[in-house]
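For the sequence shown, position 27 (counting from the first letter as 1) is numbered 27 according to the numbering used here, and the numbering increases by one without interruption. Reading through the structure tokens given below for one structure.
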Amino acid sequence: MDVQQDLTLSKEQIAQVVDLFYDRVQLDQGLSQPFSIVTDWTHHKAIISHFWWMTLGGERYMDHKYSVAPKHRAVGFTPDLLNHHWLPLFERTMREVLPDELSDVWMAQARRIGQSLELNHNYWSAQTESDKKQVLENTFSEVKR
């Protein structure tokens, strides 16, 4: 699926979802702790809105370098938090704001990024080089299926 062709989200729609979502993150029992590192929510929301705008095919309008996996790993963000808190809350928020067809495309991209974060977490959590190799083998064997 060509995200740029199928997705017609505006910057304003993305910002609306991001704003509401991160307001809810601050109140979520599972997510509020890892995100307690954020001191300027207005700035954080602007950066994340830009990230999603670019990820979904928009042109860069900010000069910011993203390092998604290392930042999430550093604050203790786990696959459990991702799959049982972040993704469900993000999807609920998105579906309240956007039509289903736009939510579907955006959620597909969010899930792909989530899979990447999960792989990164599992790889760096592995204790030995052999364990790391096994994480990669398991991941790529699942992709081939």
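The beta-carbon is built from N, C-alpha and C at its ideal position, and this holds for glycine as well.
Please state the DSSP three-state secondary structure of residue i.
i      : result
Phe77  : coil
Val17  : helix
Ser49  : helix
Ser116 : helix
Leu89  : helix
Leu102 : helix
Asp63  : coil
Ser36  : helix
Leu82  : helix
By how many angstroms is the C-alpha of residue j removed from the C-alpha of residue i?
i     : j      : result
Ser10 : Gln33  : 30 Å
Trp52 : Met94  : 13 Å
Phe90 : Lys45  : 14 Å
Trp86 : Phe77  : 10 Å
His43 : Val17  : 15 Å
Arg92 : Glu129 : 39 Å
Taking the alpha helix (DSSP H) that residue i belongs to, which residues open and close that run?
i      : result
Thr128 : Segment: none, Thr128 is in no alpha helix (DSSP H) and carries neither H nor E.
According to the neighbour-count rule (16 or more other Cβ atoms, all chains shown, within 10 Å of its Cβ), is residue i buried or exposed?
i      : result
His121 : buried
His50  : buried
Gln74  : Residue 74 is actually Ala in this sequence, not Gln. Exposed is the call here.
Tyr22  : buried
contact_flag[the region 92-110, the region 12-24] where n(CB pairs < 8 Å) is 3 or more = Verdict: yes, contact present.
Looking at C-beta atoms only, is the number of pairs between the region 57-66 and the region 106-121 that lie closer than 8 Å three or more?
-> Flag = no, the region 57-66 and the region 106-121 do not touch.
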